[in-house]
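There are 2 protein chains.
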Amino acid sequence: MSDKKKNNDELIKLVLEGQPRAIARMMSKAETGNPDDRIAMAKIFRHSGRAHVIGLTGVPGSGKSTMVRSLTLEFRKTGRKVGIIAVDPSSPFSGGSILGDRVRMNDLTGDDGVFIRSMATGGALGGLARPALDTVDVLDAAGFDIVLIETVGVGQDEVDIVSAAHTVVVVSAPGLGDEIQAIKAGVLEIADIHAVSKCDRDDAPRTIADLQGMLSLGRHTMRSREWKPVVIPTSSERGEGIEDLVAAIDAHLEHLNKSGEMEMRKRRIAEMRILKSAEDVVRERLRKQRDGKLAVLLDKAMNRTIDPHSAALELLDGFNEKDG
Amino acid sequence: MSDKKKNNDELIKLVLEGQPRAIARMMSKAETGNPDDRIAMAKIFRHSGRAHVIGLTGVPGSGKSTMVRSLTLEFRKTGRKVGIIAVDPSSPFSGGSILGDRVRMNDLTGDDGVFIRSMATGGALGGLARPALDTVDVLDAAGFDIVLIETVGVGQDEVDIVSAAHTVVVVSAPGLGDEIQAIKAGVLEIADIHAVSKCDRDDAPRTIADLQGMLSLGRHTMRSREWKPVVIPTSSERGEGIEDLVAAIDAHLEHLNKSGEMEMRKRRIAEMRILKSAEDVVRERLRKQRDGKLAVLLDKAMNRTIDPHSAALELLDGFNEKDG
């Protein structure tokens, strides 16, 4: 047995025991996705599949980070372990925000039943879906009952990630500007649960009524035929609504399990992950082509003697045999 | 000659003459990317390469749509034809916003020297980069001197699109919330030019100083070694700064051409487009696999007897021969 394999086997053992430093190290391996660590990640995957994965998304200013914190504290009351993956540049968890927010999360970081991981956005081509969902496996295998993925609800990559959760919570807030509202519209239809923040405000009933009106128009049929999305008012100011939100999340999980929809969602998520991984592999192989085919095609594209799509077809022609 | 080919040849002729309805039809073909229309798009590509492609991005509330409008009017003063591609759900051009904004763009739509195209976000896997850049080709081939791509500066897909411009303008505004500022940080480093909107406001000097401070720290070296990004204050309220912004854009174009950096950028853009197209092709081929390999792998993944990455490798194994 090689040292590398031995080290990884020891690491996996510690991850499965829930040892925080081992979890953090395995997550780094999951993120970078080195071929050497793929065997370890495959083993981790075999031990995953028990956590309830919750995607939480909302536009900037919707108060979703505060809600992640409140939700976590509420889940902890029932003893459930909570892993958090923040891929949102505006989240205090991902380090994107201001000191005030950081202070607010201090009550989470001292708790062994909570693990927070932030993921940097802005990598090269490929996006965050593959690494984000691999880190979900790590938390899942490490015995976290709940894995919360927080993303800002803008951009296809972020929507892909949050759609890969079993339960999707979309956070709305009253009083956001029109430009923000326009952006928000794109993400509403993936919600299983609508959480409305800041319901101590005078204009909150309007936001709640708007969401309920939208749901009555039947747009909720996009994600599930049997589950009717609910609207949950909350107020972190008054400490209200978070029990209701947890109850709605638990009810959704029960629905998924009883209706057989959980199997369908897991299958859809697995499909998405396999295809994203395949795309990553192809991208890597194309970039590594040793025969300089890409450089030749680039010269032609610069002369406008070949278009990008035809160049892509030429590039793909037989690339698996040579470079796989 | 088939009817289809004849029709496409006629359409291409009309596009090259700048006929608006032909441009719109060709753009629809570019967006959907049907194999039948790829030959037409390849011909369009051969006639492109003259336009100055400008990417304009900024967070919600930064006033970038107003700036696109002002910029367009300013470019028109010198007789330059302007094509606009709005992939921003908060833009009035893309139909994501409110009536007030729509009214503000009326003075553009009556002008033959301006063509506005909006692209819907929220497609399936794959993103908007390929279709957005193909529509740039159409406007370019149709003789537009300037092609402006407007995106909201959040999400990898949007950043990829705007990075594929020759000149990138990032719009900042004073007085945005902390959450918005945190998101903004991710896009600042791709700017060739920083445009600050709403400089009639009292807190604008702070925003300008912050940007200048950031630039003095040398972060601008990320995109270009020789061009030092500039900060241009503007005010649509007072009608100020847009001439300066156009002058900065023109100066950047001159720099690109004189320094040889334009060739480098065009090469990088072409490479990105070829690789994105190749990924699209592979994604399509994988989804169409007729032998049910994906379904078998999905069953295994559901049983946790194979992980997504290993499944991807199996899926790719020899797929080109069978399904190409």
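As given, the protein sequences belong to chains A and B, one line each in that order.
Mapped onto numbering that gives the first Met the number 0, the consecutive letters of the first sequence carry residue numbers 0 to 323.
Mapped onto numbering that gives the first Met the number 0, the consecutive letters of the second sequence carry residue numbers 0 to 323.
C-beta atoms are modelled at their ideal positions from N, C-alpha and C, and glycine is treated no differently.
As the structure is a computational prediction, the values presented were derived from the model and not from experiment.
Query	Result
Contacts that Ile84(A) makes with chain B (C-beta to C-beta distance below 8 angstroms)	Within 8 angstroms Cβ-Cβ: nothing; Ile84(A) doesn't reach chain B, min ~16 angstroms.
Residues that DSSP places opposite Ser117(A) in a beta bridge	Ala85(A)
Contact under 7 angstroms by Cβ, Asp191(A) with Thr150(A)	no
Proximal chain C residues relative to Ala250(B), where beta-carbon distance stays under 7 angstroms	Protein chains in the displayed structure are A and B, and chain C is not among them.
Buried or exposed (CB count within 10 angstroms, at least 16 for buried), Gly99(A)	Note that Gly99(A) scores a pLDDT of 43, beneath 50, so its modelled location is shaky; the value from the coordinates is reported in the next line. It is exposed - the Cβ of Gly99(A) has fewer than 16 other Cβ atoms within 10 Å.
Whole-angstrom distance between Lys197(A) and Glu236(A), CA atom to CA atom	7 angstroms
Nonlocal neighbours in the same chain, by C-beta distance under 6 angstroms from Arg101(B), ignoring five residues either side	For Arg101(B), the predicted structure reports a pLDDT of 44, less than 50, and the residue's modelled location is therefore unreliable. A value from the coordinates is still provided. Correct list, in chain order: Pro91.
Assigned secondary structure, Ser276(A) (DSSP; H/G/I helix, E/B strand, else coil)	helix
Whole-angstrom distance between Met40(B) and Lys83(B), CA atom to CA atom	The displayed chain sequence assigns Ile, not Lys, to residue 83(B). Approximately 19 angstroms, taken between the alpha carbons.
Cβ pair Ala172(A), Ser61(A) closer than 7 angstroms	yes
Inter-residue Cα distance where the pair is Trp226(B) and Val295(A)	29 angstroms
Identified DSSP bridge partners for Pro232(A)	Val195(A)
Any chain B beta carbon closer than 7 angstroms to Leu314(A)	yes
At least three beta-carbon pairs within less than 8 angstroms, the segment 133-148 of chain A to the segment 42-57 of chain A	yes
Nearest-angstrom beta carbon gap, Val86(B) and Glu157(B) [assumed within contact, 8 angstroms]	7 angstroms
Outcome for Leu314(A) when other beta-carbon atoms lying within 10 angstroms are tallied against a minimum of 16	buried
Inter-stretch contact at 8 angstroms, needing at least 3 Cβ pairs: the segment 262-276 of chain B / the segment 293-313 of chain A	yes
C-alpha distance - Arg75(A) paired with Asn256(A), whole-angstrom precision	22 angstroms
Sub-7 angstroms separation of Ala163(A) and Gly17(A) beta-carbons	no
Which of helix, strand or coil DSSP assigns to Ile97(B)	In this prediction, Ile97(B) scores a pLDDT of 44, lower than 50, which makes its location untrustworthy; no coordinate-derived value is stated.
Proximity of Asp133(B) and Gly174(B) at Cβ, strictly below 7 angstroms	no
Chain A residues whose Cβ lies nearer than 8 angstroms to that of Ile273(B)	Leu293, Leu296, Leu297, Ala300, Pro307, Ala310, Ala311 and Leu314
Between the CA atoms of Ser47(A) and Val14(A) - distance to the nearest angstrom	11 angstroms
Interface flag, Arg75(A) vs chain B, CB-CB below 7 angstroms	no
Residues of its chain near Arg79(B), where Cβ-Cβ distance is below 6 angstroms and the 5 sequence neighbours each way are ignored	Asp144 and Ile145
Amino acids of chain A, ordered along the chain, whose beta-carbon sits closer than 8 angstroms to that of Asp209(B)	Within 8 angstroms Cβ-Cβ: nothing; Asp209(B) doesn't reach chain A, min ~14 angstroms.
Test: Gly60(B) CB closer than 7 angstroms to a CB of chain A	yes
Rounded separation between Glu270(B) and Met263(B) - CA only	11 angstroms
Residue-chain proximity (Gly212(A), chain B), Cβ-Cβ < 7 angstroms	no
Contact set for Glu30(A): own chain, Cβ-Cβ below 8 angstroms, skip 5 residues either direction	Met118, Pro130, Asp133 and Thr134
Classification of Gly152(B) by the beta-carbon crowding that lies within 10 angstroms, buried from 16 upward	buried
Contacts around Val195(A), its chain only, beta-carbon distance under 6 angstroms, and the 5 residues preceding and following it disregarded	Ser171, Thr206, Ile207 and Pro232
Classification of Asp324(B) by the beta-carbon crowding that lies within 10 angstroms, buried from 16 upward	The question about residue 324(B) has no answer here: the residues shown for chain B are numbered 0 through 323.
Burial state of Asn7(A) (16 or more Cβ within 10 Å)	buried
Where Gly126(A) falls, given that 16 or more other Cβ within 10 Å makes a residue buried	buried
Neighbour flag for Ser258(A) against chain B, beta carbons, 7 angstroms	no
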